[in-house]
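Chains as they are written, first to last, in our numbering: chain A, 46 to 347; chain B, 403 to 719; chain C, 68 to 416.
The beta carbon of each residue, even a glycine, is placed where N, CA and C say it ideally should be.
Let me begin by presenting the structure, written as structure tokens, before commenting on it.
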Amino acid sequence: MTKTWMAGTSPAMTVEKIVPARRIGRGYWAGVGRRLLRDPVALAAAFVIIGIVFAAILAPWLGFADPYRGSMLRRLRPIADAVYRLGSDELGRDMLSRLVYGGRLSLLMGLLPVVLAFFVGSAIGIVSGFVGGRVNTVIMRTVDVFYAFPSVLLAIALSGALGAGIFNAIVSLTIVFTPLIARVAESVTTQIRTRDYVEAARVSGAGPLAIIRVHVLGNVLGPIFVYATSLISVSMILASGLSFLGLGSKPPEPEWGLMLNTLRTAIYVQPLVAALPGAMIFVTSIAFNLLSDGLRSAMEVK
Amino acid sequence: MLVYTLKRLLYVTPVVIGVSIICFLLVHIAPGDPLSAILPADATQELVEQMRAAYGFDRPLPVQYALWFWKVVHGDLGTSIATGRSVATEVMRAVGNTLILATVATVIGFTFGTFFGFVAGYFRDRWLDKVASLISVLGVSVPHYWLGMVLVIIFSANLNWLPPTGAGPDGSVAWRPDLEHLRYIILPAITMSVIPMGVISRTVRALVADILGQEFVQGLRAKGLREFGVFRHVVINAAPTALAVMGLQLGYLLGGSILIETVFSWPGSGFLLNAAIFQRDLPLLQGTILVLALFFVALNLAVDVVQTALDPRIKRA
Amino acid sequence: MEALNAATLGRDRGGPAQPLLSVRRLVKHFGGRRSFSGRGIRGAVHAVDDVSFDVAKGQTLGIVGESGCGKSTLARLIMQIIPADAGEFLFDGEVVGAHALDLVAYRREVQMVFQDSYASLNPRLTVEETVAFGPRVHGLSQRAAIARAHDLISRVGLDPARFAARYPHELSGGQRQRVNIARALALQPRLVILDEAVSALDKSVEAQVLNLLIDLKSEFGLTYVFISHDLNVVRFMSDRVLVMYLGKVVELGPSDVLLGAPRHPYTMALLASMPSMDPDRRITEPPLFGDPPSPIDPPSGCRFHTRCKFAAPVCAATEPVLAEIAPAHRAACFLATPGSGHPQAGSIA
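Below, the structure is given as structure tokens:
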């Protein structure tokens, strides 16, 4: 076997200085982060969310009025009132304070179910997708049964059955979102499972756990995570919706959906004040959606 | 085509059974004795035992399920505890109202959604796209029950153009398509249409942008086809998926109408569900959820079949 | 760095005469429905049907055939990625899968380089992480695995200082394929399967990678199974050539003999199909007519008879056996085998 033509097959013989490639900042997630930072819409959304979250967490130390203390004399004051900067609600409580404190419960009830569903749904979907075959079919068909309910209906049915309360609402929303995430997780895992590099890993003699840990997870969690972020706004609207119906948080807790409910009759007296809690839900929801969209765009570029 | 439909039907059957199991179990995961909703607190033990036997709560769970399932298959969804009327009739009447509302809302949402979607897709990344996409995001992010309240504030409380609640004058229980009732459906339908509008708009934008980027479109233009002709091709390619999404949205509206119906006191299935929950009227609750879920499953199946029929690329079984 | 070929030489069991890989009566069918009348499975894809061959140590066996002939399935069967329906493998005399040579040990002996250089690299891992993965799985410490990875990266012609920390999307096609080769060699195999490993590369890059493969083979004492549809490349690389058609071996022999003077009509047609700039070699009619029949329920008798210009009645009736027609040269054809019942048997050389 004689070697033919082409010279220059030897290792890089250039005489340039050997510069070790920088590890930090060149990986996939670093690229995603950089692209996100250059997206003004996503950045603005992120700031809004951070602002709301921080205000909610630090509320007790930020000098707001007591959200529980009402005054029968100063009920339903308008916005830019002398005492209440954003008006007062039907029991005379400071709206600004209730809105900020309300963020705590509303965000908790909106975010926690998605976080829980992310872990549970991903576990189910990834395992099911990786194992494949009959097991996959059985698991996914079971998931399909829950998927056969429209989300709102299932959430309300479960909440209605379990009874009102924050804990029950979180449980029922988690149950609603887990099948959605499990489906996406299974779909992505099944695609990745057939890729050549997974086969190559198998050929190297690696066991399934090592393959999942090194090759599958890194490639699968990204898309699942993006999908989960797109569910946050739905979760917030649903959670507040449950409270609006009386199935979530209970008075006198400040929570945006509940506040919308109790202020309903006030729309004829102080419409602007009555609409405020819903505006908060709206703004937060928009911000999460914009951020999720930005994240998806940032991740699409290879 | 027929074979495909039958296959899908077969595929869906275990799901339907699963759905019925969940509906059945819902009542039983409720804390507390189901009987406590039916009987007053001071009922005698004897009466409690009698009612328990009458409702069949003393039998083992699988047997209860089988009995319940048997009755459901024969159209008997039980009797409402609150009103004493047949659950089936109540639910069907209510579903009818919701269907009207949801259909109108879906049509409105589809119309505006495809419009915004096409604008966004055709003028991709230009300012028109940004505006149309912004509208879509707003549509998808809005808490619709709040939007209902806002519209009521503006159009009822302030301007007094439209009624705030109800399906018809004098609190009529069913909506009829006549001039009198027209005013009542406007606000609820618009409120309900916003989310489907947003979803359809986003979907159509992605579809249109994707289709326009394909090479065959360049080929069409290169051979001299006018822009309207190209547009027709885009529409034909986008139609199956867009219609599928519309169908699914209709399903979501059917099942998830409770919030808007509560705001507008629209006498639909959602409103009924609300009443059932708060009155702990378990047979009504069970029956309503079952019917709504089954509607959703049937709708999904129909969408699936229609999409397969319309899209020549999907291989028939 | 360690003498990698010394490590592999130490594992040699049977000496130079024993074939490194023996494949015996390999069968793989996909799908198909069980016939109700009990006649077995109908509608199955006969991907590999009763294939047997040997690969001698230090040799390169080239496997050629059109798309759908079963070469890639064969590669995956050899790698034990998919289970065979029937047949056995002998590696250096030991049965694969038996106690003496279980799957994990076999994996250290045989490795594969895939065709799609991009899809065969995990986009989230750096080059050194990808190459080090195999050794890590087999127990090497992180430091030792990375060290071996760096060594191999340089041996395949890439400077570790510049390339070790790169991601696949930062490499060109040729560089990615070198990484794939490094990854395959990381486990110190003795046999490397190259499944269309250069088919997706530009011609100039292809030449570089082929020369690299030749260098590595002598450096590490490797044995190759080289699968390709490109006859020029196969001619360049192989000592022996195996021609497949619809899941069967039709001809097997030394590469210069087989490609210079083929005996099976299919091989003749393949060679005649190669475009040539030589005005004396112009042909007016296509050497092969028709489309390859579907591998589902293949033709009776000799599977090639529907497209063969020498076809005779005996070809449709009976299936030819892979018979020796010259020393170390076998063909499954009635035409090539004298006394087989074919009217022109033995006359075409």
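State yes or no: is the beta carbon of residue i nearer than 8 angstroms to at least one beta carbon in chain C?
i: residue 320 of chain A; result: no
Looking at residue j and residue i, is the spacing between their C-beta atoms short of 8 angstroms?
i: residue 276 of chain C; j: residue 268 of chain C; result: yes
i: residue 155 of chain A; j: residue 281 of chain A; result: yes
i: residue 142 of chain C; j: residue 262 of chain C; result: yes
i: residue 512 of chain B; j: residue 538 of chain B; result: no
i: residue 295 of chain C; j: residue 308 of chain C; result: no
i: residue 390 of chain C; j: residue 372 of chain C; result: no
i: residue 258 of chain A; j: residue 175 of chain A; result: no
i: residue 601 of chain B; j: residue 542 of chain B; result: yes
i: residue 691 of chain B; j: residue 425 of chain B; result: yes
i: residue 393 of chain C; j: residue 402 of chain C; result: no
Compare the C-beta of residue i with all C-beta atoms of chain B and state if any pair is closer than 8 angstroms.
i: residue 94 of chain A; result: no
i: residue 334 of chain A; result: yes
i: residue 286 of chain A; result: yes
i: residue 341 of chain A; result: no
i: residue 190 of chain A; result: yes
i: residue 201 of chain A; result: yes
i: residue 100 of chain A; result: no
i: residue 90 of chain A; result: no
How would you list, in chain order, the residues of chain B whose beta-carbon sits under 7 angstroms from the beta-carbon of residue i?
i: residue 312 of chain A; result: 551, 554, 555, 559
i: residue 282 of chain A; result: 545
Chain A partners of residue i, CB-CB under 9 angstroms?
i: residue 668 of chain B; result: The contacting residues do not exist; residue 668 of chain B stays about 14 angstroms from chain A at best.
i: residue 189 of chain C; result: 240, 242, 243, 245, 246, 259, 260, 263, 264
i: residue 475 of chain B; result: Those within 9 angstroms of residue 475 of chain B in chain A number zero; the least Cβ separation is about 18 angstroms.
i: residue 481 of chain B; result: Per Cβ cutoff of 9 angstroms: no residues; residue 481 of chain B is ~19 angstroms from chain A at best.
i: residue 720 of chain B; result: There is no way to answer for residue 720 of chain B, as the model of chain B reaches only from 403 to 719.
In chain B, which residues lie with their C-beta within 9 angstroms of the C-beta of residue i?
i: residue 278 of chain A; result: 542, 543
i: residue 152 of chain A; result: Result: empty, since nearest Cβ-Cβ is about 14 angstroms, beyond 9 angstroms.
i: residue 97 of chain A; result: Within chain B, no residue comes near residue 97 of chain A; the closest Cβ sits about 14 angstroms away, beyond 9 angstroms.
i: residue 196 of chain A; result: 654, 657, 658
At a Cβ threshold of 8 angstroms, is residue i touching chain A?
i: residue 250 of chain C; result: yes
i: residue 201 of chain C; result: yes
i: residue 676 of chain B; result: yes
i: residue 406 of chain B; result: no
i: residue 85 of chain C; result: no
i: residue 416 of chain B; result: yes
i: residue 698 of chain B; result: yes
i: residue 167 of chain C; result: no
i: residue 178 of chain C; result: yes
i: residue 344 of chain C; result: no
i: residue 643 of chain B; result: no
i: residue 472 of chain B; result: no
Tell me which same chain residues have a C-beta within less than 6 angstroms of the C-beta of residue i, skipping the five on either side of it?
i: residue 90 of chain A; result: 332, 335, 336
i: residue 547 of chain B; result: 661, 665
i: residue 162 of chain A; result: 219, 222, 223, 226
i: residue 211 of chain A; result: 294
Leaving out five residues before and five after residue i in sequence, what residues of the same chain have Cβ atoms less than 7 angstroms from its Cβ?
i: residue 636 of chain B; result: 610, 613, 614
i: residue 314 of chain A; result: 121
Name, please, each residue of chain C whose Cβ falls closer than 8 angstroms to the Cβ of residue i.
i: residue 250 of chain A; result: 170, 171, 174, 175, 201, 204, 205, 254
i: residue 73 of chain A; result: 190, 191, 234
Give the interface partners of residue i over in chain C, defined as CB-CB distance under 9 angstroms, in chain order.
i: residue 255 of chain A; result: 200, 203, 204
What does residue i touch in chain A if you count any residue whose Cβ is under 7 angstroms from its own?
i: residue 181 of chain C; result: 241, 245
At a CB-CB cut-off below 8 angstroms, which residues of chain A make contact with residue i?
i: residue 523 of chain B; result: Result: empty, since nearest Cβ-Cβ is about 16 angstroms, beyond 8 angstroms.
i: residue 468 of chain B; result: Residues of chain A passing the Cβ test: none, with the nearest at roughly 18 angstroms.
i: residue 146 of chain C; result: 248
i: residue 186 of chain C; result: 240, 241, 242
Closer than 8 angstroms by beta-carbon distance: list the chain B residues that pair up with residue i, in chain order.
i: residue 331 of chain A; result: 539, 540, 543
i: residue 299 of chain A; result: None at all; the shortest Cβ gap to chain B is about 16 angstroms.
(message) Could you tell me which whole alpha helix (DSSP H) segments of length 4 or greater appear in the region 170-245 of chain A?
(response) 178-192, 196-207, 211-238
(request) Output the residue ranges of the beta strand (DSSP E) runs that lie fully inside the region 107-180 of chain A and measure 3 residues or longer, sorted by chain position. (result) none
(request) Write down every uninterrupted run of the beta strand (DSSP E) in the region 600-646 of chain B whose length is 3 residues or greater and which is fully enclosed by it, in chain order. (result) none
(message) At 3 residues or longer, what runs of the beta strand (DSSP E) sit wholly inside the region 296-353 of chain C?
(response) 307-312, 315-321
(message) What ranges does the beta strand (DSSP E) occupy inside the region 150-223 of chain C, keeping only unbroken runs of at least 3 residues that lie completely in it?
(response) 153-158, 177-180
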